[in-house]
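Student: As they're listed, the protein sequences go chains A and B.
Numbering (numbering that gives the first Met the number 0) for the first sequence: 0 to 462.
Numbering (numbering that gives the first Met the number 0) for the second sequence: 0 to 462.
The C-beta atom is built at its ideal place from N, Cα and C for all residues, glycine as well.
Remember, predicted model here, so these are calculated numbers, not experimental data.
2 protein chains.
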Amino acid sequence: MPYFDTASAAPLHPVARQALQASLDEGWADPARLYREGRRARLLLDAAREAAAEAVGCRADELVFTPSGTHAVHTGVAGVLAGRRRAGSRLVVSAVEHSSVLHAAQAHESAGGRVTEVPVDRYGAVTAAGYAEALSPSTALACLQSANHEVGTVQPVAEVAVVCAEAGVPLLVDAAQSLPWGPVEGAWSVLAASAHKWGGPPGVGLLAVRKGVRFSPRHPADERESGRSPGFTNLPAIVAAAASLRAVRAEADAEAARLRILVDRIRRRVVRLVPDVEVVGHPELRLPHLVTFSCLYVDGEILLHELDRAGYSVSSGSSCTSSTLTPSHVLRAMGVLSEGNVRVSLPLGTTAEEVNGFLEVLPGAVSGVRERLGVTEPVPAGVAAGSAPESLELDALGLRCPQPVIELAAAIGRVPVGGTVTVVSDDEVARLDIPAWCGMRGHAYLGEAEREAGTAYTVRRLV
Amino acid sequence: MPYFDTASAAPLHPVARQALQASLDEGWADPARLYREGRRARLLLDAAREAAAEAVGCRADELVFTPSGTHAVHTGVAGVLAGRRRAGSRLVVSAVEHSSVLHAAQAHESAGGRVTEVPVDRYGAVTAAGYAEALSPSTALACLQSANHEVGTVQPVAEVAVVCAEAGVPLLVDAAQSLPWGPVEGAWSVLAASAHKWGGPPGVGLLAVRKGVRFSPRHPADERESGRSPGFTNLPAIVAAAASLRAVRAEADAEAARLRILVDRIRRRVVRLVPDVEVVGHPELRLPHLVTFSCLYVDGEILLHELDRAGYSVSSGSSCTSSTLTPSHVLRAMGVLSEGNVRVSLPLGTTAEEVNGFLEVLPGAVSGVRERLGVTEPVPAGVAAGSAPESLELDALGLRCPQPVIELAAAIGRVPVGGTVTVVSDDEVARLDIPAWCGMRGHAYLGEAEREAGTAYTVRRLV
């Protein structure tokens, strides 16, 4: 049963399992104690720190273990903001950071700080120029992911690091998605990562803070981990995390080359196999194991259920799969279609057969969902003639994604080329998906207008 | 090789190991995901929460898992203080709380809050009257441990809970040391605990917040664990923690009765086997598996090394075993001897033979340390007569514990009964250990006076 959601959590690596077993016997005691069990634990901890620091590309005394990648990000962001509060209170983040970074930014804003979001292009990539523009003399910290967790786009970290260094602003890199594949290039200042993304056990994050970066922990004092990560050391998991990082790195290049071929296959075939699909994320500058696409006229949650029933575990950034009923902030920032969104992230060792199996199942799953939603083939252009009205208005109030777009697609043929259709919707997703649909179908999106109930989105038929 | 420091960390329980193994296969995925691996993880998480809540004595939806007991305490304290900031900013804690509570209190003070410490008696116990006196209309939260981690004294939680309820103040109980032995009695509001104290793996704490307690998390937002514990769920460890808590509870009564006999044996024999020793902590109201004593004229760190060499792992609250060179705040708050301090905490399954072996080794270890420090048997009273000076002053500046007390013991015989000896010392520990020595030897402690260099401690010889 193929599991294709390793960007969320990777199954435990065999090396991690082995190391965990061994350190359950050797590493349960308090490494701060002086007796033999404590000394043994200390040796294991020191060795794990050395191994992790080598993989990250920093000194061992710059790296601490945290209880999760989220803790590493929260601690790193808060620690630099506090350490540099004399420089200013501005935090610069990209619009497509992981929620842990954006939540830390929200907490900073709630406490009176200021946040600037750097926009991304349609591929989800920032530019160094975008950061240069956002940085100001009062910027305390800039954050940028090494690669995006939803669409796999690799960010220009080294270039952004140069821009940050010129401005005298430290750069925190969330390396959660890329660290298994290699160290982060460029002169970053702070780095955060998460072991369960590379087949380590959950319960371990990494936080590296370069010497010279002003850092002032915000949590209550604690002697462990240089005062940067309170709580009893989760040593067996730390040992397993470090061992598996080393093991994953040893096979990273070969495995990346292999998985890139499988992902390319998905990228190429999915647009041939499934009508009305958009592959999102950068076509070349991307993680080797991850591909994301969105399907018009499809409810993401139903599609995930269908794929799950067929034996494939994937995830989605569609609004209907989130508890808040809003599409992923990444897809929104990119301005791409969010309905029927599917993220496939292949674990190490994924076979071509597994990927082929997925590609066999996918078209039927998508068309099955469309049938259930009453979607027939898009009405061909030009059937409306003569007495067709120049403009139409559709009341889509109360309808949830993907229904407003389905209604629009069904109606567009009822106006002549040059005519307009206006969709009145109170579903937040319409703001993203109606313009995306226009782009995909070759129509012009004319803009939105607030109504007493909902928002009116107007589209001009062009083809 | 007997390990007698289970109050610091307990070796992994066999049931925890089994559960951990199983859940490494079944529980590595994200329990928030809808596919089968996620649903399986969610089932495991729900079952673990039910089991832990039953052991704690709360509703499952009142309990969240944190990355450690320290995180549970920090989150619990900060969350209630923020939730009740309209009531006031005062935090009431006992003087002998675990450092995680005291550090949270310090953080509160640094942020402008106010903290009141409730004193303890010579056994380390608070009274409900002490809490009643400390509570005020502006008290946001009171904290009390269920039992002390250094001396084993059980606190009157149920009585203090009544006093808090009358004052309308929530009570947070740090149950880290007692939870393996049974649920905390009384109407507590918030409870924190740590799995590695009961043979669960590290990386898991419990935080229970009763319905109706105003609680406002202070960390950045996160959907997991009811918004009270950010970061990816450490599910295998959580499953193991819940399973071992249940297993430990099943044998708790029988094991407590058995270990209590062994601890009683240590309490009784240590004072017969080792001269000049003081057993500290409450003689009856105490944890079943823990006993603490202090040895006059002994360097705690050297003693720990001697015991370690003999195969026994114990811990100490002596100043020389701490990085700050101050004795444990618990011993200080109790006003008992801190030099040569030894805490013995027996793991489940400790045998009588292991305890007998320790009692065989201990007297030689103590006398060996005393010999190395040049301590002969205390000078018998009355040898000084006729020409002895009425008062003596000893310059002990620069000497570290236990030397000032050794100097005092060697000098007391040089003044007649009724005469005084003044020790001038710049070792912080003298303030605690000189009065304690007086109590043990039957002399009168007359008080201290600041000197240009150090402090003068004066003792009147009575016997």
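I'd like to know if Ser243 (chain A) contacts chain B, where contact means its C-beta is closer than 8 Å to some C-beta of that chain.
Tutor: So no, Ser243 (chain A) is outside the interface.
Student: Take the Cβ of Ile405 (chain B) as the centre, count every other Cβ of all protein chains shown within 10 Å, and call the residue buried at 16 or more, exposed below.
Tutor: Buried is the call here.
Student: In the structure shown, what three-state DSSP assignment does His12 (chain A) receive?
Tutor: Of the three classes helix, strand and coil, the one that applies to His12 (chain A) here is coil, per DSSP.
Student: Who are the neighbours of Arg48 (chain B) on chain A, taking C-beta pairs under 8 Å?
Tutor: Near Arg48 (chain B) there are no residues of chain A at all, since even the closest Cβ is about 16 Å away, more than 8 Å.
Student: Are there three or more Cβ pairs, one per stretch, closer than 8 Å when the stretch 328-338 of chain A is compared with the stretch 427-435 of chain A?
Tutor: Contact between the stretch 328-338 of chain A and the stretch 427-435 of chain A is present, because at least three Cβ pairs lie under 8 Å.
Student: Would you call the stretch 351-370 of chain A in contact with the stretch 266-276 of chain A, where contact means no fewer than 3 C-beta pairs closer than 8 Å?
Tutor: Result yes; three or more Cβ-Cβ pairs closer than 8 Å.
Student: Can you name the residues that DSSP bridges to Leu171 (chain B)?
Tutor: Bridge partners of Leu171 (chain B): B:Cys142 and B:Val189.
Student: Inspect the CB distances between the stretch 333-342 of chain A and the stretch 121-135 of chain A and report whether three or more fall short of 8 Å.
Tutor: Output reads yes: the stretch 121-135 of chain A touches the stretch 333-342 of chain A.
Student: Within a Cβ cutoff of 7 Å, which residues of the same chain sit near Ser314 (chain A), ignoring the five residues on either side of it in sequence?
Tutor: So the qualifying residues of the chain are Asp4, Ser7 and Arg342.
Student: According to DSSP, Arg459 (chain A) sits in a beta bridge with which residue or residues?
Tutor: In DSSP, Arg459 (chain A) forms a bridge with A:Thr419 and A:Ala443.
Student: Anyone know if the C-beta pair for Ala207 (chain B) and Val189 (chain B) falls short of 8 Å?
Tutor: Taking 8 Å as the Cβ cut-off, Ala207 (chain B) and Val189 (chain B) qualify as a contacting pair.
Student: What is the rounded straight-line gap between the Cα of Gly230 (chain A) and the Cα of Thr65 (chain A)?
Tutor: If I take the Cα positions, the gap works out to 9 Å.
Student: I'd like to confirm the pairing. Which residues does DSSP put opposite Leu206 (chain A) in its beta bridges?
Tutor: Answer is A:Val63 and A:Ala191.
Student: Quick check: what's the CA-CA separation for His195 (chain A) versus Gly280 (chain A)?
Tutor: Each residue's Cα considered, the two are about 23 Å apart.
Student: From Glu451 (chain A) to Val420 (chain A), what distance separates their C-alpha atoms?
Tutor: Looking at the two C-alpha atoms, the distance is approximately 19 Å.
Student: Assess contact between the stretch 173-186 of chain B and the stretch 130-140 of chain B, defined as three or more Cβ pairs (one per stretch) separated by less than 8 Å. Is contact present?
Tutor: Result no; under three Cβ-Cβ pairs closer than 8 Å.
Student: When we look at the beta-carbon of Thr350 (chain A) and count the other beta-carbons within 10 Å, is it buried (16 or more) or exposed?
Tutor: Classification for Thr350 (chain A): exposed.
Student: Under a Cβ-count criterion, where at least 16 other Cβ atoms within 10 Å of its own Cβ denotes burial, should Ile260 (chain B) be classed as buried or exposed?
Tutor: Exposed.
Student: Give me, in chain order, the residues of the same chain whose beta-carbon lies closer than 6 Å to that of Val262 (chain A); leave out the 5 immediate sequence neighbours on both sides.
Tutor: Val290, listed in sequence order.
Student: How would you write the range of the beta strand (DSSP E) that Leu347 (chain A) sits in, first residue to last?
Tutor: Segment: none, Leu347 (chain A) is in no beta strand (DSSP E) and carries neither H nor E.
Student: Given a threshold of 16 other Cβ atoms within 10 Å of its Cβ, counted over all protein chains shown, does Gly202 (chain A) qualify as buried or as exposed?
Tutor: When all chains shown are included, Gly202 (chain A) counts as buried.
Student: Would you give the residue range spanned by the alpha helix (DSSP H) that Ser109 (chain B) belongs to?
Tutor: Looking at the DSSP string, the run of the alpha helix (DSSP H) that includes Ser109 (chain B) is Ser98 to Ser109.
Student: If Ala40 (chain B) sits next to Leu244 (chain B), beta carbons under 8 Å apart, how far is it from one beta carbon to the other, in whole angstroms?
Tutor: In fact, because the Cβ distance is near 20 Å, the residues do not count as touching under 8 Å.
Student: Short of 6 Å in beta carbon distance, which residues of its chain neighbour Trp187 (chain B), apart from the five on each side in sequence? Order them along the chain.
Tutor: Once the five neighbours on either side are set aside, the close Cβ partners of Trp187 (chain B) are Ala160, Leu170 and Val172.
Student: For Glu190 (chain A) and chain B, any beta-carbon pair shorter than 8 Å?
Tutor: Reading off the sequence shown, one finds Leu at residue 190 (chain A), where the question assumed Glu. Answer no: the Cβ-Cβ gap between Leu190 (chain A) and chain B never drops below 8 Å.
Student: Going along chain A in order, which residues have a C-beta closer than 7 Å to the C-beta of Phe214 (chain B)?
Tutor: Simply none; closest approach about 17 Å.
Student: Flag this pair as yes or no: are the beta carbons of Pro346 (chain B) and Ala9 (chain B) separated by less than 8 Å?
Tutor: Contact flag set, yes.
Student: Could you tell me if Leu178 (chain A) is buried or exposed, where buried requires 16 or more neighbouring beta carbons within 10 angstroms of its beta carbon?
Tutor: Label assigned to Leu178 (chain A): buried.
Student: Identify the contact partners of Gly230 (chain A) in chain B, using a Cβ-Cβ distance below 7 Å as the criterion.
Tutor: Those are Pro66, Ser67, Thr69 and His70, listed as they occur along chain B.
Student: Suppose you measure from the CA of Arg266 (chain A) to the CA of Val278 (chain A); what does that come to, to the nearest Å?
Tutor: One C-alpha to the other measures close to 7 Å.
Student: Between Ser312 (chain B) and the rest of its own chain, which residues show a CB-CB distance below 7 Å, the 5 nearest in sequence each way excluded?
Tutor: Result list for Ser312 (chain B): Tyr2, Phe3 and Asp4, in chain order.
Student: For His218 (chain A), which residues in the same chain have their Cβ closer than 6 Å to its Cβ, ignoring the five residues on either side in sequence?
Tutor: Answer for His218 (chain A): Pro229, listed in chain order.
Student: Compile a chain-ordered list of the residues in the stretch 15-29 of chain A whose CB is closer than 7 Å to at least one CB of chain B.
Tutor: Within the stretch 15-29 of chain A, the qualifying residues are Arg16, Leu23, Trp27, Ala28 and Asp29.
Student: Is DSSP giving Asp4 (chain B) helix, strand or coil here?
Tutor: Residue state, collapsed to three classes: strand.
Student: DSSP on Asp394 (chain B), reduced to helix/strand/coil?
Tutor: Asp394 (chain B) falls in the strand class under three-state DSSP.
Student: Let me know the secondary structure DSSP gives Leu90 (chain B) once reduced to three states.
Tutor: If DSSP states are grouped into helix, strand and coil, Leu90 (chain B) belongs with the strands.
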